[in-house]
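Following my numbering, the numbering of the sequence shown begins with 119 at its first residue and continues without gaps.
A quick write-up on the structure given underneath.
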Amino acid sequence: MSDKTIENEEELAIFTGDHCLSCTSCMSCCPVMEASKEFRGPKLVGPAHGRLRFSQADFEDSLDYCSNCKICDMACPSGVAISTLNMLQRAEYYKKHPHSRRDDMLAHGERMAKLLRMVPFGTSCANIGMKIGKSLGVFSSLGIAGERDMPAYAPKSFLSMFKDIMQSPSEKKVVFYPGCFINDNEPEVGVAFVKVMQKNGYEVLVDTGFNCCGSPMVVTGYFDESREHAMNNVKRILAWKSKGIPVVACCTSCSMMLKNEYFELFGEKEMREAGSNVYDAFEFLEILDENGELNKDYKQFTEKLLYHVPCHLKAQGFGTPAANILREVPGVEVEPADAGCCGMSGNYGFKQDKYEISMKVGARLFDKIRGS
(Lines of atoms letter the chains of each structure in order from A; the text may use other names.)
(Lines give C-alpha, C1' and ligand atoms only; values in the text may rest on other atoms or scores of the structure.)
Protein backbone atom coordinates (compact mmCIF):
# COMPACT_ATOMS: atom_id res chain seq x y z
CA MET A 119 0.00 0.00 0.00
CA SER A 120 1.29 3.45 -0.87
CA ASP A 121 1.14 6.02 1.94
CA LYS A 122 0.05 8.60 -0.64
CA THR A 123 -3.30 6.93 -1.19
CA ILE A 124 -4.55 7.51 2.37
CA GLU A 125 -4.89 11.08 3.59
CA ASN A 126 -6.06 10.38 7.15
CA GLU A 127 -3.05 9.69 9.41
CA GLU A 128 -5.16 7.81 11.95
CA GLU A 129 -6.38 5.47 9.25
CA LEU A 130 -2.86 5.03 7.89
CA ALA A 131 -1.69 3.94 11.35
CA ILE A 132 -4.11 1.01 11.20
CA PHE A 133 -2.38 -0.25 8.07
CA THR A 134 1.19 0.33 9.33
CA GLY A 135 0.77 -1.29 12.73
CA ASP A 136 1.43 1.93 14.64
CA HIS A 137 -1.78 1.41 16.63
CA CYS A 138 -0.66 -2.03 17.78
CA LEU A 139 -0.60 -2.10 21.61
CA SER A 140 1.26 -5.43 21.80
CA CYS A 141 -1.63 -6.76 23.88
CA THR A 142 -1.39 -10.22 22.22
CA SER A 143 -5.18 -10.51 21.75
CA CYS A 144 -4.50 -11.61 18.19
CA MET A 145 -2.12 -14.31 19.34
CA SER A 146 -4.49 -15.74 21.92
CA CYS A 147 -7.17 -16.39 19.29
CA CYS A 148 -4.99 -17.40 16.32
CA PRO A 149 -6.05 -20.91 15.23
CA VAL A 150 -2.71 -21.59 13.53
CA MET A 151 -0.74 -20.76 16.69
CA GLU A 152 -2.94 -23.17 18.61
CA ALA A 153 -2.27 -25.90 16.06
CA SER A 154 1.44 -25.36 15.44
CA LYS A 155 4.48 -24.15 17.34
CA GLU A 156 6.12 -23.13 14.07
CA PHE A 157 4.08 -19.92 13.79
CA ARG A 158 5.30 -17.08 15.99
CA GLY A 159 1.94 -15.37 15.80
CA PRO A 160 0.19 -12.54 13.95
CA LYS A 161 1.52 -9.74 16.16
CA LEU A 162 5.17 -10.66 15.66
CA VAL A 163 5.09 -11.39 11.94
CA GLY A 164 2.75 -8.53 11.00
CA PRO A 165 2.66 -5.30 13.05
CA ALA A 166 5.96 -5.81 14.91
CA HIS A 167 7.93 -6.98 11.90
CA GLY A 168 6.51 -4.29 9.67
CA ARG A 169 6.86 -1.49 12.21
CA LEU A 170 10.52 -2.25 12.81
CA ARG A 171 11.09 -2.28 9.04
CA PHE A 172 13.25 -5.40 9.10
CA SER A 173 15.53 -5.89 6.13
CA GLN A 174 14.83 -8.54 3.52
CA ALA A 175 17.59 -10.66 5.03
CA ASP A 176 15.69 -10.66 8.31
CA PHE A 177 12.49 -11.99 6.81
CA GLU A 178 10.37 -13.83 9.35
CA ASP A 179 10.15 -17.40 8.07
CA SER A 180 7.09 -18.28 10.12
CA LEU A 181 5.04 -15.69 8.21
CA ASP A 182 4.40 -18.45 5.68
CA TYR A 183 2.17 -20.12 8.27
CA CYS A 184 -0.38 -17.29 8.33
CA SER A 185 -3.58 -18.52 6.65
CA ASN A 186 -5.16 -15.06 6.25
CA CYS A 187 -8.27 -16.26 8.09
CA LYS A 188 -8.79 -12.71 9.49
CA ILE A 189 -9.55 -13.85 13.05
CA CYS A 190 -6.70 -11.66 14.34
CA ASP A 191 -8.23 -8.60 12.68
CA MET A 192 -11.51 -9.21 14.46
CA ALA A 193 -9.76 -9.68 17.81
CA CYS A 194 -7.63 -6.53 17.69
CA PRO A 195 -9.03 -3.87 20.08
CA SER A 196 -7.24 -1.14 18.10
CA GLY A 197 -8.61 -2.24 14.75
CA VAL A 198 -5.20 -2.90 13.22
CA ALA A 199 -5.43 -4.74 9.90
CA ILE A 200 -3.03 -7.45 11.08
CA SER A 201 -3.69 -9.98 8.32
CA THR A 202 -3.20 -7.26 5.72
CA LEU A 203 0.18 -6.41 7.22
CA ASN A 204 1.07 -10.10 7.08
CA MET A 205 0.17 -10.26 3.39
CA LEU A 206 2.15 -7.08 2.66
CA GLN A 207 5.18 -8.58 4.40
CA ARG A 208 4.74 -11.74 2.34
CA ALA A 209 4.59 -9.67 -0.84
CA GLU A 210 7.91 -8.02 0.07
CA TYR A 211 9.51 -11.43 0.41
CA TYR A 212 8.42 -12.56 -3.04
CA LYS A 213 9.85 -9.47 -4.67
CA LYS A 214 13.26 -11.13 -4.29
CA HIS A 215 12.40 -14.82 -4.06
CA PRO A 216 10.95 -17.15 -6.70
CA HIS A 217 7.57 -18.81 -6.35
CA SER A 218 7.23 -22.57 -6.23
CA ARG A 219 5.41 -24.54 -8.91
CA ARG A 220 2.83 -25.45 -6.27
CA ASP A 221 2.05 -21.85 -5.42
CA ASP A 222 1.78 -20.98 -9.10
CA MET A 223 -0.80 -23.75 -9.55
CA LEU A 224 -2.82 -22.85 -6.46
CA ALA A 225 -2.80 -19.14 -7.24
CA HIS A 226 -3.95 -19.43 -10.84
CA GLY A 227 -6.96 -21.70 -10.87
CA GLU A 228 -8.81 -19.33 -13.19
CA ARG A 229 -6.03 -19.50 -15.77
CA MET A 230 -5.93 -23.30 -15.71
CA ALA A 231 -9.71 -23.60 -16.05
CA LYS A 232 -9.76 -21.27 -19.06
CA LEU A 233 -7.06 -23.31 -20.78
CA LEU A 234 -8.85 -26.60 -20.10
CA ARG A 235 -12.17 -25.28 -21.43
CA MET A 236 -10.49 -24.33 -24.71
CA VAL A 237 -9.75 -28.02 -25.36
CA PRO A 238 -12.52 -30.55 -26.20
CA PHE A 239 -13.13 -32.75 -23.14
CA GLY A 240 -10.39 -30.80 -21.37
CA THR A 241 -12.12 -30.65 -17.99
CA SER A 242 -13.15 -34.32 -18.12
CA CYS A 243 -9.59 -35.37 -18.87
CA ALA A 244 -8.33 -33.10 -16.10
CA ASN A 245 -10.69 -34.68 -13.57
CA ILE A 246 -9.46 -38.15 -14.50
CA GLY A 247 -5.87 -36.94 -14.47
CA MET A 248 -6.24 -35.48 -10.98
CA LYS A 249 -7.48 -38.81 -9.63
CA ILE A 250 -4.63 -40.69 -11.27
CA GLY A 251 -2.15 -38.04 -10.20
CA LYS A 252 -3.25 -38.35 -6.60
CA SER A 253 -2.90 -42.15 -6.60
CA LEU A 254 0.58 -41.91 -8.14
CA GLY A 255 1.76 -39.24 -5.71
CA VAL A 256 2.23 -36.58 -8.37
CA PHE A 257 0.62 -33.84 -6.30
CA SER A 258 2.69 -34.74 -3.25
CA SER A 259 5.85 -34.34 -5.32
CA LEU A 260 4.70 -30.81 -6.17
CA GLY A 261 4.03 -29.92 -2.54
CA ILE A 262 0.25 -30.34 -2.69
CA ALA A 263 -1.31 -32.46 0.06
CA GLY A 264 -1.79 -35.96 -1.31
CA GLU A 265 -4.56 -36.55 1.21
CA ARG A 266 -6.75 -33.95 -0.46
CA ASP A 267 -9.09 -34.51 -3.37
CA MET A 268 -8.60 -31.68 -5.83
CA PRO A 269 -11.91 -29.94 -6.68
CA ALA A 270 -13.41 -31.45 -9.82
CA TYR A 271 -14.23 -29.22 -12.77
CA ALA A 272 -17.89 -29.00 -13.74
CA PRO A 273 -18.74 -30.13 -17.30
CA LYS A 274 -19.92 -26.60 -18.10
CA SER A 275 -18.93 -23.34 -16.46
CA PHE A 276 -21.52 -21.09 -14.87
CA LEU A 277 -20.97 -18.46 -17.55
CA SER A 278 -21.79 -21.05 -20.21
CA MET A 279 -24.87 -22.25 -18.34
CA PHE A 280 -26.02 -18.68 -17.74
CA LYS A 281 -26.52 -18.14 -21.46
CA ASP A 282 -29.24 -20.80 -21.46
CA ILE A 283 -31.14 -19.48 -18.43
CA MET A 284 -34.43 -17.86 -19.40
CA GLN A 285 -35.16 -14.83 -17.23
CA SER A 286 -38.09 -12.48 -16.92
CA PRO A 287 -36.88 -8.95 -17.71
CA SER A 288 -37.05 -6.51 -14.81
CA GLU A 289 -36.16 -2.92 -14.03
CA LYS A 290 -34.56 -4.22 -10.83
CA LYS A 291 -31.17 -5.70 -11.67
CA VAL A 292 -28.08 -7.09 -9.98
CA VAL A 293 -24.75 -8.15 -11.43
CA PHE A 294 -23.65 -11.57 -10.22
CA TYR A 295 -19.95 -12.05 -9.55
CA PRO A 296 -19.45 -15.84 -9.68
CA GLY A 297 -15.77 -15.99 -8.84
CA CYS A 298 -13.53 -18.84 -9.98
CA PHE A 299 -14.88 -21.68 -7.86
CA ILE A 300 -18.56 -21.21 -8.62
CA ASN A 301 -17.85 -20.57 -12.28
CA ASP A 302 -15.67 -23.64 -12.82
CA ASN A 303 -16.42 -26.09 -10.01
CA GLU A 304 -19.89 -25.49 -8.58
CA PRO A 305 -21.93 -23.62 -11.22
CA GLU A 306 -25.16 -24.94 -9.69
CA VAL A 307 -24.68 -22.40 -6.89
CA GLY A 308 -24.77 -19.58 -9.43
CA VAL A 309 -27.81 -21.07 -11.17
CA ALA A 310 -29.61 -21.29 -7.81
CA PHE A 311 -28.76 -17.65 -7.12
CA VAL A 312 -30.32 -16.59 -10.42
CA LYS A 313 -33.50 -18.52 -9.57
CA VAL A 314 -33.75 -16.91 -6.14
CA MET A 315 -33.28 -13.42 -7.54
CA GLN A 316 -35.87 -14.07 -10.24
CA LYS A 317 -38.33 -15.12 -7.53
CA ASN A 318 -37.67 -11.77 -5.91
CA GLY A 319 -38.29 -9.79 -9.08
CA TYR A 320 -34.68 -9.16 -10.06
CA GLU A 321 -33.02 -9.73 -13.38
CA VAL A 322 -29.48 -11.07 -13.01
CA LEU A 323 -26.69 -9.81 -15.24
CA VAL A 324 -23.14 -11.10 -15.57
CA ASP A 325 -20.02 -9.20 -16.56
CA THR A 326 -17.59 -11.42 -18.47
CA GLY A 327 -14.92 -8.76 -18.07
CA PHE A 328 -14.44 -9.55 -14.38
CA ASN A 329 -11.27 -11.35 -13.31
CA CYS A 330 -10.60 -13.65 -10.39
CA CYS A 331 -10.86 -11.49 -7.26
CA GLY A 332 -7.14 -12.10 -6.62
CA SER A 333 -7.40 -13.64 -3.16
CA PRO A 334 -5.52 -16.85 -4.13
CA MET A 335 -2.76 -14.66 -5.56
CA VAL A 336 -2.44 -12.43 -2.51
CA VAL A 337 -1.98 -15.32 -0.09
CA THR A 338 0.70 -16.87 -2.31
CA GLY A 339 2.59 -13.62 -2.82
CA TYR A 340 1.56 -12.67 -6.37
CA PHE A 341 0.93 -9.13 -5.22
CA ASP A 342 1.43 -7.15 -8.42
CA GLU A 343 -0.70 -9.56 -10.42
CA SER A 344 -3.50 -9.42 -7.87
CA ARG A 345 -3.35 -5.62 -8.02
CA GLU A 346 -3.88 -5.75 -11.79
CA HIS A 347 -6.95 -7.90 -11.23
CA ALA A 348 -8.16 -5.49 -8.56
CA MET A 349 -7.85 -2.43 -10.79
CA ASN A 350 -9.80 -4.14 -13.56
CA ASN A 351 -12.55 -5.35 -11.23
CA VAL A 352 -12.84 -2.00 -9.46
CA LYS A 353 -13.23 -0.21 -12.78
CA ARG A 354 -16.08 -2.55 -13.73
CA ILE A 355 -17.78 -2.37 -10.33
CA LEU A 356 -17.75 1.43 -10.47
CA ALA A 357 -19.23 1.33 -13.98
CA TRP A 358 -22.13 -0.74 -12.64
CA LYS A 359 -22.46 1.54 -9.63
CA SER A 360 -22.84 4.54 -11.94
CA LYS A 361 -25.88 2.75 -13.39
CA GLY A 362 -27.31 2.05 -9.94
CA ILE A 363 -26.76 -1.72 -10.24
CA PRO A 364 -25.18 -3.56 -7.28
CA VAL A 365 -22.70 -6.42 -7.61
CA VAL A 366 -23.49 -9.56 -5.60
CA ALA A 367 -21.25 -12.54 -4.80
CA CYS A 368 -21.99 -15.92 -3.21
CA CYS A 369 -18.37 -16.70 -2.25
CA THR A 370 -17.48 -14.96 1.02
CA SER A 371 -13.77 -14.79 0.16
CA CYS A 372 -14.63 -13.03 -3.11
CA SER A 373 -17.00 -10.55 -1.48
CA MET A 374 -14.48 -9.81 1.28
CA MET A 375 -11.77 -9.16 -1.29
CA LEU A 376 -13.96 -6.90 -3.44
CA LYS A 377 -15.49 -5.04 -0.50
CA ASN A 378 -12.61 -4.66 1.93
CA GLU A 379 -9.26 -6.16 1.01
CA TYR A 380 -8.68 -4.22 -2.20
CA PHE A 381 -8.56 -0.98 -0.25
CA GLU A 382 -6.65 -2.49 2.67
CA LEU A 383 -3.98 -3.99 0.43
CA PHE A 384 -3.65 -1.42 -2.34
CA GLY A 385 -5.06 1.74 -0.76
CA GLU A 386 -6.64 3.39 -3.81
CA LYS A 387 -9.62 5.57 -2.89
CA GLU A 388 -11.79 4.25 -5.72
CA MET A 389 -11.43 0.77 -4.23
CA ARG A 390 -13.34 1.84 -1.15
CA GLU A 391 -16.02 3.42 -3.33
CA ALA A 392 -16.30 0.23 -5.38
CA GLY A 393 -16.50 -1.87 -2.22
CA SER A 394 -19.63 -0.02 -1.16
CA ASN A 395 -21.41 -1.44 -4.23
CA VAL A 396 -20.61 -5.10 -3.46
CA TYR A 397 -22.81 -7.41 -1.40
CA ASP A 398 -22.75 -10.96 -0.15
CA ALA A 399 -25.76 -12.83 -1.57
CA PHE A 400 -27.50 -13.38 1.76
CA GLU A 401 -26.55 -9.90 2.92
CA PHE A 402 -28.45 -8.56 -0.09
CA LEU A 403 -31.43 -10.83 0.58
CA GLU A 404 -31.55 -9.71 4.20
CA ILE A 405 -31.66 -6.09 3.06
CA LEU A 406 -34.65 -7.01 0.91
CA ASP A 407 -36.20 -8.66 3.95
CA GLU A 408 -35.65 -5.59 6.11
CA ASN A 409 -37.30 -3.46 3.43
CA GLY A 410 -40.27 -5.81 3.22
CA GLU A 411 -39.32 -6.84 -0.33
CA LEU A 412 -38.23 -10.46 0.18
CA ASN A 413 -40.46 -13.08 -1.41
CA LYS A 414 -41.40 -15.43 1.44
CA ASP A 415 -43.52 -17.86 -0.50
CA TYR A 416 -41.58 -20.73 1.06
CA LYS A 417 -42.36 -24.42 0.90
CA GLN A 418 -42.77 -26.44 4.08
CA PHE A 419 -39.69 -28.38 5.18
CA THR A 420 -38.68 -30.61 8.05
CA GLU A 421 -34.96 -29.99 8.23
CA LYS A 422 -32.36 -29.41 10.91
CA LEU A 423 -29.30 -27.63 9.52
CA LEU A 424 -25.87 -27.20 11.07
CA TYR A 425 -24.59 -23.79 10.00
CA HIS A 426 -20.87 -23.00 9.89
CA VAL A 427 -20.01 -19.30 9.62
CA PRO A 428 -16.94 -18.88 7.38
CA CYS A 429 -14.16 -16.71 8.80
CA HIS A 430 -14.29 -14.46 5.75
CA LEU A 431 -17.98 -13.87 6.37
CA LYS A 432 -17.35 -12.92 10.01
CA ALA A 433 -14.63 -10.52 8.89
CA GLN A 434 -17.14 -8.52 6.83
CA GLY A 435 -19.02 -7.63 10.00
CA PHE A 436 -22.66 -7.89 8.93
CA GLY A 437 -23.71 -10.85 11.05
CA THR A 438 -25.17 -14.12 9.79
CA PRO A 439 -27.88 -13.22 7.27
CA ALA A 440 -27.97 -16.75 5.79
CA ALA A 441 -28.89 -18.27 9.15
CA ASN A 442 -31.43 -15.51 9.79
CA ILE A 443 -33.21 -16.09 6.48
CA LEU A 444 -33.11 -19.89 6.76
CA ARG A 445 -34.79 -19.64 10.17
CA GLU A 446 -37.75 -17.94 8.49
CA VAL A 447 -38.38 -20.99 6.30
CA PRO A 448 -41.21 -23.09 7.83
CA GLY A 449 -39.91 -26.30 9.38
CA VAL A 450 -36.22 -25.38 9.16
CA GLU A 451 -34.19 -25.43 12.37
CA VAL A 452 -30.73 -23.85 12.21
CA GLU A 453 -28.07 -24.83 14.73
CA PRO A 454 -24.89 -22.71 14.76
CA ALA A 455 -21.79 -24.90 14.54
CA ASP A 456 -19.86 -22.38 16.65
CA ALA A 457 -16.69 -24.43 16.15
CA GLY A 458 -14.16 -21.91 14.89
CA CYS A 459 -12.17 -21.92 11.66
CA CYS A 460 -12.54 -24.80 9.18
CA GLY A 461 -8.79 -24.80 8.51
CA MET A 462 -8.91 -24.65 4.71
CA SER A 463 -8.55 -20.87 4.28
CA GLY A 464 -8.74 -20.98 0.51
CA ASN A 465 -5.69 -22.83 -0.81
CA TYR A 466 -3.90 -23.02 2.57
CA GLY A 467 -5.21 -26.50 3.42
CA PHE A 468 -4.10 -27.85 0.03
CA LYS A 469 -0.43 -27.24 0.81
CA GLN A 470 1.39 -30.37 1.90
CA ASP A 471 3.31 -28.65 4.69
CA LYS A 472 0.09 -27.08 6.01
CA TYR A 473 -2.17 -30.14 5.78
CA GLU A 474 -1.77 -31.32 9.39
CA ILE A 475 -2.17 -27.78 10.68
CA SER A 476 -5.36 -27.27 8.68
CA MET A 477 -6.78 -30.54 10.02
CA LYS A 478 -5.98 -29.56 13.60
CA VAL A 479 -7.53 -26.13 13.09
CA GLY A 480 -10.73 -27.65 11.69
CA ALA A 481 -10.93 -30.56 14.16
CA ARG A 482 -13.66 -29.02 16.32
CA LEU A 483 -15.83 -28.33 13.29
CA PHE A 484 -15.28 -31.84 11.94
CA ASP A 485 -16.36 -33.33 15.28
CA LYS A 486 -19.42 -31.10 15.29
CA ILE A 487 -20.40 -32.24 11.80
CA ARG A 488 -19.90 -35.91 12.62
CA GLY A 489 -22.05 -35.53 15.72
CA SER A 490 -24.88 -33.65 14.03
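Each residue gets a CB set at the ideal place from its N, CA and C atoms; glycine is no exception.
Please read these numbers as outputs of a predicted model, since none were measured by experiment.
For residue 324, the uninterrupted beta strand (DSSP E) run begins and ends at 321-324, by DSSP.
Under the 8 Å Cβ criterion, the segment 193-210 does not count as touching the segment 222-229, having fewer than three qualifying pairs. Selection 271, 251 and 273 evaluated against residue 263 yields 251 as nearest (Cα-Cα). Sixteen is the threshold: since fewer than 16 other Cβ atoms of the shown chains lie within 10 Å of the Cβ of residue 289, the residue is exposed. Cβ atoms of residue 463 and residue 186 come within 8 Å of each other, at about 6 Å. At the C-beta level, residue 376 and residue 355 come within 8 Å of one another. In the three-state DSSP reduction, residue 157 falls in the coil class, being neither helix nor strand. In chain order, 389, 390 and 393 place their CB closer than 7 Å to the CB of residue 381, counting only its own chain and leaving out the 5 sequence neighbours on each side. For the 8 Å CB-CB criterion, residue 184 and residue 198 do not form a contact.
Distance check between residue 338 and each of 470, 321 and 221 places 221 closest, using alpha-carbon atoms only. In the DSSP secondary-structure assignment, residue 454 is bridged to 425.
Under DSSP, residue 396 shares a beta bridge with 365. Between residue 481 and residue 188, the CB-CB gap reaches or exceeds 8 Å. Distance between residue 341 and residue 485, taken at the CA atoms: about 36 Å. For residue 294, no alpha helix (DSSP H) segment is defined; the enclosing uninterrupted segment is the beta strand (DSSP E) at 291-295.
Every candidate beta strand (DSSP E) stretch fails here, since none sits fully inside the segment 257-285 while reaching 3 residues. In chain order, 231, 235, 301, 302 and 305 place their CB closer than 8 Å to the CB of residue 275, counting only its own chain and leaving out the 5 sequence neighbours on each side.
Counting along the chain, residue 146 sits inside the alpha helix (DSSP H) bounded by residues 143-147. When C-alpha distances from residue 310 are compared across 325, 280, 336 and 291, the shortest belongs to 280.
Taking a cut-off of 8 Å for Cβ pairs, the segment 464-478 and the segment 147-166 touch, as three or more such pairs fall below it.
Residue pairing for residue 469: DSSP places it in a beta bridge opposite 262.
Nearest to residue 468 by alpha-carbon distance, out of 316, 334, 401 and 407, is 334. In the three-state scheme derived from DSSP, where H, G and I count as helix and E and B as strand, residue 235 is classed as helix. In this structure, DSSP gives residue 420 a state outside helix and strand, which the three-state scheme calls coil. In the three-state reduction of the DSSP assignment, residue 379 falls in the helix class.
Separation of the CB atoms of residue 453 and residue 483 is rounded to 13 Å, and the pair is thereby denied contact status at 8 Å. In the displayed model, residue 304 falls within coil according to three-state DSSP, outside both helix and strand.
For residue 331, the secondary structure class from DSSP, reduced to helix, strand or coil, is coil.
Counting every other CB atom within 10 Å of its CB across the protein chains shown gives residue 255 a total below 16, marking it as exposed.
DSSP places residue 371 in the uninterrupted alpha helix (DSSP H) bounded by 370-374. Between the C-alpha atoms of residue 410 and residue 401 there is a straight-line separation of about 14 Å.
The beta carbon of residue 347 lies closer than 8 Å to those of 329, 330, 331, 332 and 335 in the same chain, with the five residues before and after it left out.
In the displayed model, residue 444 falls within a helix according to three-state DSSP. Taking C-beta atoms under 8 Å as the contact rule, residue 218 and residue 261 qualify, at a distance of about 6 Å. Collapsing the DSSP output to three states places residue 463 in coil.
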